[in-house]
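Here the sequence shown stands for residues 8 to 72, numbered as in our numbering. Even for Gly, the Cβ is constructed at its ideal location relative to N, Cα and C. Just so it is clear, the structure is predicted and the values come from calculations on it, not from any experiment. Data block below; observations after.
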Amino acid sequence: MGKVHGSLARAGKVKSQTPKVAKQEKKKPKTGRAKKRQVYNRRFVNVTTQVGGKRKMNPAPTAGP
Numbered sequence: 008m009g010k011v012h013g014s015l016a017r018a019g020k021v022k023s024q025t026p027k028v029a030k031q032e033k034k035k036p037k038t039g040r041a042k043k044r045q046v047y048n049r050r051f052v053n054v055t056t057q058v059g060g061k062r063k064m065n066p067a068p069t070a071g072p
């Protein structure tokens, strides 16, 4: 049998200590065609050119000052 990291007596300690925050009401997200339209508009239509030129999809964090 494998070892357990720490005793199981402390399981769920942090979750039980965290204060309960009620869920907020928010409008439902768009699905299907409407979502694809929203993403297309965000990526290609109203792009703002940045200092480095073209906006990249998944940029690596750059070392800044």
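Asked	Found
Mapping DSSP to helix, strand and coil, what is SER23?	helix
My assumption, with CB atoms under 8 Å, is that GLN45 sits in contact with LYS37. Please give the rounded CB distance.	6 Å
CA-CA distance, LYS42 and GLN31?	22 Å
So what does DSSP say about ASN65, is it helix, strand or coil?	coil
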